[in-house]
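Asker:
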Amino acid sequence: MTQASGEYRTVGIIGGGTAGYLTALALRKKLPHLQVTLIESPTIPIIGVGEGTTPIMVKFLHAYLERDVHELYEKVQPTWKFGVKFEWGQPGDYYFNYAFHPGPILDAVYYGGEFNEYSLGSLLISNERAPIVTNEGGQLTSLIDRIPFAYHLDNGRFVAYLKEQAVRDGVELLERSVTEFVPTEDGESLDHIVTDDGEERRFDLYVDCTGFRAEIIGETLGSPFHSYEGSLFCDRAIVANVPHGGHIKPFTTAETMNAGWCWNTPSVEDDHRGYVFSSQFLSDDEAAEEMRSKNEGIGDHRVIRFKTGRREHFWKGNVVAIGNSYGFVEPLESTGLHMIILEINQLVLNFPRSKKDTAIRGIVNRTLNAHWDDVRWFLAVHYRFNKKLDTPFWQACRNAVDLGGAQERVDLFQERTPLTYRQSQFFKPEEVFGDFAYDVLLLGQRVQGRYLEASQPRVEWQKRVEGLRQLADSALTQERAFETLAGAPPQILGSMVTSPNTWVVWP
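So that you can map any letter, position 478 of the sequence shown is 557 in the working numbering, and since no number is skipped, the others follow by simple counting.
(1) Can you tell me the Cα-Cα spacing of residue 250 and residue 97, whole angstroms?
(2) Cutting at 8 Å between CB atoms, please list the residues of its own chain near residue 262, excluding the five before and the five after it.
(3) Taking only the alpha-carbon atoms, compute the straight-line gap between residue 564 and residue 580 and give it to the nearest angstrom.
(4) Spell out the partners DSSP gives residue 342 in its beta bridges.
(5) What's the gap between the Cα of residue 597 and the Cα of residue 335?
(6) Just list the alpha helix (DSSP H) runs in the segment 374-436, keeping only unbroken ones of 4 residues or longer that don't cross its boundaries, in chain order.
(7) As an exercise, report each continuous beta strand (DSSP E) stretch of at least 3 residues that is fully enclosed by the segment 213-267, in chain order.
(8) From residue 221 to residue 566, what distance separates their C-alpha atoms?
(9) Sorted by chain position, which residues of the same chain lie with C-beta nearer than 7 Å to residue 462's C-beta, five sequence neighbours on each side aside?
(10) Per the contact definition of three or more C-beta pairs closer than 8 Å, is the segment 146-166 in contact with the segment 356-370?
(11) Take the Cβ of residue 215 as the centre, count every other Cβ of all protein chains shown within 10 Å, and call the residue buried at 16 or more, exposed below.
(12) Please classify residue 330 as buried or exposed, where buried requires at least 16 neighbouring CB atoms within 10 angstroms.
(13) Locate the beta strand (DSSP E) running through residue 160, then write down its first and last residues.
(14) Taking the straight line between their C-alpha atoms, what separation do you get for residue 237 and residue 120?
(15) Cutting at 7 Å between CB atoms, please list the residues of its own chain near residue 198, excluding the five before and the five after it.
(16) Please check the pair residue 274 and residue 93, which I expect to be a contact at CB under 8 Å, by giving their CB distance rounded to whole angstroms.
(17) Check whether the segment 420-435 and the segment 481-499 touch, using three or more Cβ-Cβ pairs below 8 Å as the test.
(18) Could you tell me the distance, in whole angstroms, from the CA atom of residue 322 to the CA atom of residue 545?
(19) Which stretch, first to last residue, makes up the beta strand (DSSP E) that contains residue 461?
(20) So, for residue 307: in the same chain, excluding its five sequence neighbours on each side, which residues have a beta-carbon less than 6 Å away from its beta-carbon?
(21) Under DSSP, the beta strand (DSSP E) around residue 175 begins and ends at which residues?
(22) From the DSSP output, read off the bridge partner residues of residue 287.
(23) Taking its Cβ as the centre, do 16 or more other Cβ atoms sit within 10 Å of residue 587, making it buried, or is it exposed?
(24) In this structure, does DSSP put residue 530 in helix, strand or coil?
(25) From the DSSP output, read off the bridge partner residues of residue 114.
(26) Assuming residue 202 contacts residue 210 under a Cβ cut-off of 8 Å, what Cβ separation, rounded to an integer in Å, is found between them?
(27) Going by DSSP, name the residue or residues bridged to residue 594.
(28) Roughly how many angstroms lie between the CA atoms of residue 142 and residue 132, to the nearest whole one?
(29) Taking residue 157 as the reference, which of 584, 558, 316 and 577 has the closest Cα?
(30) Thinking C-alpha only, which one of 395, 144 and 560 is nearest residue 218?
(31) Which residue's Cα is closest to the Cα of residue 175: 522, 294 and 129?
(32) To which residues does DSSP link residue 305 through a beta bridge?
(33) How is residue 129 classed by DSSP in three states: helix, strand or coil?
(34) Taking the C-alpha atoms as reference points, what is the distance between residue 390 and residue 309?
(35) What's the call for residue 572, buried or exposed, on a 16-neighbour Cβ count within 10 Å?
(36) Tell me which residue opens and which closes the beta strand (DSSP E) that residue 271 is part of.
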């Protein structure tokens with residue numbers, strides 16, 4: 080039997096996957112005095128879908144955890160994501176880009192009539208290019224230290240890499256199934272666990288990474304689940320892989336479907352596709368048929384069932400919940416890994432020195448609950464104003480989706496468009512989605528508002544956009560960029576971290 084110490088010195092992470100291994104790596108990196116054990120069941124498979132991320136993942140891996148760029152690219156083979164292409168908002172072939180690289184979005188509407196020319200990042204999405212530029216003489220220039228991007232990750236390769244890194248960093252890994260979670264007498268904490276070999280183990284702090292099952296925070300400690308179904312109607316996803324013929328798009332696609340939407344997350348081998356839909360409006364078979372009709376060469380599919388919402392507690396007693404055990408929403412804005420990172424950061428920043436330190440739990444719970452609710456409201460905006468299709472599902476969304484905490488921001492947008500052009504601050508700085516994100520979604524879906532003045536004269540805007548167009552036209556496709564970087568000096572790829580002006584910094 081392993082005895083826990085009187086202070087917080089031992090941490091038991093129950094469950095692996097991205098949530099478990101990222102937590103283990105962060106604790107070992109930032110709190111090296113801790114003994115970190117990760118217990119992972121060999122019988123529970125990883126949800127092996129391609130994952131989109133946000134730029135915080137690049138910062139977390141390379142600036143916070145200080146993982147080597149070249150090793151990650153060799154072992155994980157990520158692809159670049161400069162934002163999301165939304166086939167959304169208006170009927171027909173209309174689309175708009177939500178690029179991680181912001182710009183004067185209203186000026187593009189005023190002067191060009193082309194919404195997607197607000198930044199180089201957005202033009203790279205439209206042109207399906209990467210920020211590796213060649214001039215007439217063939218000289219190579221990298222802009223990856225200046226244009227924010229995220230990663231598309233193959234979950235299997237990524238988790239294998241994280242596991243290898245965890246072993247290297249001194250995390251104790253145990254492949255065991257936990258057969259019993261034993262609470263304390265008052266039911267407010269976890270006393271110990273029992274593994275399938277009959278061993279009892281005790282830790283000072285437990286991290287619940289058991290996914291949707293929430294075996295500790297939910298089933299054992301009884302933290303209530305707060306559903307988001309009033310804003311987010313979808314509850315299933317059909318996932319499959321589709322050939323891409325060697326062309327790797329530098330963005331995630333969100334395509335409007337009859338009863339939901341479909342993601343496209345490109346990997347080096349193929350595209351990972353997922354149809355997120357509502358079972359109240361479509362059966363599994365009907366959803367699969369719609370997927371097949373739109374994706375030639377689609378492989379075998381599987382169905383994932385989920386509930387959107389969060390637990391009341393991130394932290395209860397001596398247990399914290401990270402990942403799907405705490406909260407989940409559909410990946411419309413790739414928030415899954417983003418929220419895991421925010422949760423890990425809160426745990427590390429507020430890690431208790433003593434078991435008497437209890438006040439911090441309530442503060443952290445309120446902070447992270449608010450972040451999750453902010454994500455809910457932002458995703459609701461996607462559904463409430465999408466007029467791409469007029470099916471029963473989308474009619475219900477436009478009539479009944481609860482905007483909740485986003486309503487005030489939408490009202491302000493309609494009075495003073497865009498939100499990013501104002502000087503006063505009405506909302507606290509966001510860690511998830513701020514004014515620019517709302518501007519893109521509302522302007523992109525053509526929500527009516529009273530426009531403010533442009534931020535620059537027409538001649539300056541035209542000169543700026545012409546320069547951006549030339550850069551985008553001379554940029555390489557992503558597959559060609561990776562081929563070129565493979566034969567280029569390693570410092571070109573490494574510049575994303577080493578450049579003195581890089582955006583890859585923490586926080």
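Glycine included, every Cβ here is placed at the ideal spot set by N, Cα and C. Just so we're clear, the structure is a prediction, and the values are computed from it rather than from any experiment.
Answerer: In short, the structure shows the following:
(1) 15 Å
(2) 268, 269, 270, 299 and 300
(3) 21 Å
(4) 333 and 353
(5) The structure shown does not extend to residue 597, since the chain spans only 80 to 586, so no value can be given for it.
(6) 414-428
(7) 219-221, 229-233, 251-254 and 257-262
(8) 14 Å
(9) 476 and 480
(10) no
(11) exposed
(12) buried
(13) 158-160
(14) 18 Å
(15) 178, 180, 181 and 182
(16) Not confirmed; about 10 Å, so no contact.
(17) no
(18) 35 Å
(19) No beta strand (DSSP E) contains residue 461, which is instead part of the alpha helix (DSSP H) from 438-463.
(20) 387, 388 and 455
(21) 175-178
(22) 93 and 400
(23) Nothing can be reported for residue 587: it is not among the residues displayed for the chain, which extend from 80 to 586.
(24) strand
(25) 89
(26) With 8 Å as the limit, residue 202 and residue 210 do not qualify as a contact, their Cβ atoms being about 10 Å apart.
(27) No statement about residue 594 is possible, as the shown extent of the chain runs from 80 to 586 and does not include it.
(28) 16 Å
(29) 558
(30) 560
(31) 522
(32) 389
(33) strand
(34) 16 Å
(35) buried
(36) 269-274
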